[in-house]
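Visitor:
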Amino acid sequence: QVQLVESGGGLVQPGGSLRLSCGASGSIFSRDTVGWYRQAPGKQRERVAVITSDGSPNYADSVKGRFTISRDNAKNTVNLQMNSLKPEDTAVYYCYYSPLGSLRVYWGQGTQVTVSS
2 QVQLVESGGG LVQPGGSLRL SCGASGSIFS RDTVGWYRQA PGKQRERVAV
52 ITSDGSPNYA DSVKGRFTIS RDNAKNTVNL QMNSLKPEDT AVYYCYYSPL
102 GSLRVYWGQG TQVTVSS
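2 is the number of the first residue of the sequence shown in our numbering; add one for each residue after it.
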């Protein structure tokens, strides 16, 4: 059983930056899929960025060039650096993990990101 805990959310002005971190209680491996999703009020949860089994990062078009996902397998962490934030980035951000070859998906509890002046 893996538990995910996010941190780093908060209130930031448009154009600002935030760094989200996700720590896993169990071991995550380099070929497991990890990533971040978000859900804004009244909208469906959407994928923001993931690192797939081959190590390649994939980003939603809306965040390309502004967000960077990274992972540290030794520390069992996944990070999301968010720059040039916009009000439309406001959402609850969820950490996501799926072991290689498994249909099982793990979610964190979510962390609120609010972009507002």
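A virtual CB, placed ideally from N, CA and C, is assigned to each residue, including glycine.
(1) Using three-state DSSP, classify Asp90 as helix, strand or coil.
(2) Going along the chain, which residues of its own chain have a beta-carbon closer than 6 Å to the beta-carbon of Cys106, five neighbours each way excluded?
(3) Going by DSSP, what residue range makes up the beta strand (DSSP E) through Ile70?
(4) Report the residue ranges of all beta strand (DSSP E) runs contained in full by the stretch 2 to 45; include only those spanning at least 3 residues, in chain order.
(5) Just verifying my parser: in three-state terms, what is the DSSP assignment at Leu81?
(6) State the DSSP-derived secondary structure class of Val114, mapped to helix, strand or coil.
(7) Which value, in whole angstroms, describes the spacing of the CA atoms of Asp62 and Phe68?
(8) To which residues of the same chain is Tyr38 closer than 7 Å at the C-beta, ignoring the five residues directly before and after it?
Guide: Working from what's here:
(1) DSSP, reduced to helix, strand and coil, places Asp90 within a helical segment of the structure shown.
(2) First, the residue type needs correcting, since residue 106 is Val and not Cys in the sequence shown. Excluding the 5 residues flanking it on each side, Val106 has same chain C-beta neighbours closer than 6 Å at Ser99, in chain order.
(3) If you look at Ile70, you'll find it in the beta strand (DSSP E) that goes Phe68 to Asp73.
(4) Counting whole runs of 3 or more residues, the stretch 2 to 45 contains the beta strand (DSSP E) stretches 5 to 8, 11 to 13, 19 to 25 and 34 to 40.
(5) Here Leu81 sits in strand by DSSP.
(6) If DSSP states are grouped into helix, strand and coil, Val114 belongs with the strands.
(7) Each residue's alpha carbon lies about 10 Å from the other.
(8) Result list for Tyr38: Arg46, Glu47, Arg48, Val49, Tyr95 and Tyr97, in chain order.
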